[in-house]
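Have a look at the structure below, then the notes.
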Amino acid sequence: LVFFFLQDESEDELMKDELDDAEQLNFDFEAYPIVPSDKESLINLLTQIFLRAGVDVEGMADVLVEQAPFGCVYRPAEEFLDDDNDEVVYGVLSMLELASHKVLCCYIRKFQLL
15 LVFFFLQDES EDELMKDELD DAEQLNFDFE AYPIVPSDKE SLINLLTQIF
65 LRAGVDVEGM ADVLVEQAPF GCVYRPAEEF LDDDNDEVVY GVLSMLELAS
115 HKVLCCYIRK FQLL
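Residue numbering for the sequence shown is 15 to 128, as defined by the working numbering.
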C-alpha cells in the first residue's frame with residue numbers, strides 16, 4: 015500500500031530525507047473465509063475502528079461469523095505468516111443487514127452522528 019500526501023516543498027524535502035533512511039517492508043495479504051476462530055481477531059479489529067464510539071463490537075463480530083461463508087478476512091499471505099500471529103486479522107469485507115439487528119443499527123446510527 016502506498017499513500018501520497020500533498021505537502022509544501024519544505025515538508026517534501028524533510029520527508030525525502032526521512033524516507034531515504036527508512037526501511038521498506040513488503041507484505042502480501044490474502045482473503046480467507048470468516049471462520050469462528052476469527053471472532054477474537056475481529057473484536058480486536060472492530061475495537062480499533064469503533065474506538066470510543068460505544069458500538070457493540072462483540073455483537074458485530076458474532077453477526078459477521080454467523081454470516082459465513084459470506085464475507086472474508088484479510089491475513090498476511092502464507093509466505094509472510096508469523097507463527098505467533100497466524101490468527102491476526104488485518105481487514106474484513108462483509109455486510110451487515112442492520113434492519114434485522116436493531117441493536118447494531120442503533121449503535122451505527124449513533125456513530126454516524128458523531
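A virtual CB, placed ideally from N, CA and C, is assigned to each residue, including glycine.
As the structure is a prediction and not an experimental result, all values here were calculated from the model.
Task: Exposed unless 16 or more other CB atoms sit within 10 angstroms - verdict on I48 - done: buried
Task: Distance between beta carbons of D52 and V87, contact taken as under 8 Å - done: 5 Å
- [ ] Measure from the alpha carbon of A82 to the alpha carbon of each residue in R66, Y46, G105 and E92, then state which is nearest.
- [x] Y46
Open item on the list: Here's the rule: buried if 16 or more other CB atoms are within 10 angstroms of the residue's CB, otherwise exposed. What is R89?
Closed with: buried
Task: Assumed close pair S4, G85 - CB separation to whole angstroms, cut-off 8 Å - done: Examination of residue 4 is not possible in this model, given that the chain is present from 15 through 128 alone.
Open item on the list: Could you tell me the alpha carbon to alpha carbon distance between L110 and E44, rounded to whole angstroms?
Closed with: 22 Å
Task: Limits of the alpha helix (DSSP H) - the one that E72 falls within - done: V71 to E80
- [ ] Please state whether DSSP places P90 in a helix, a strand or coil.
- [x] strand
Task: Start and end residues, alpha helix (DSSP H) containing E54 - done: K53 to I63
Task: L83 (DSSP reduced to helix, strand or coil) - done: Note that residue 83 corresponds to Pro in the displayed sequence, not to Leu. Residue state, collapsed to three classes: coil.
Open item on the list: Rounded to the nearest angstrom, what separates E92 and G105 at their Cα positions?
Closed with: 16 Å
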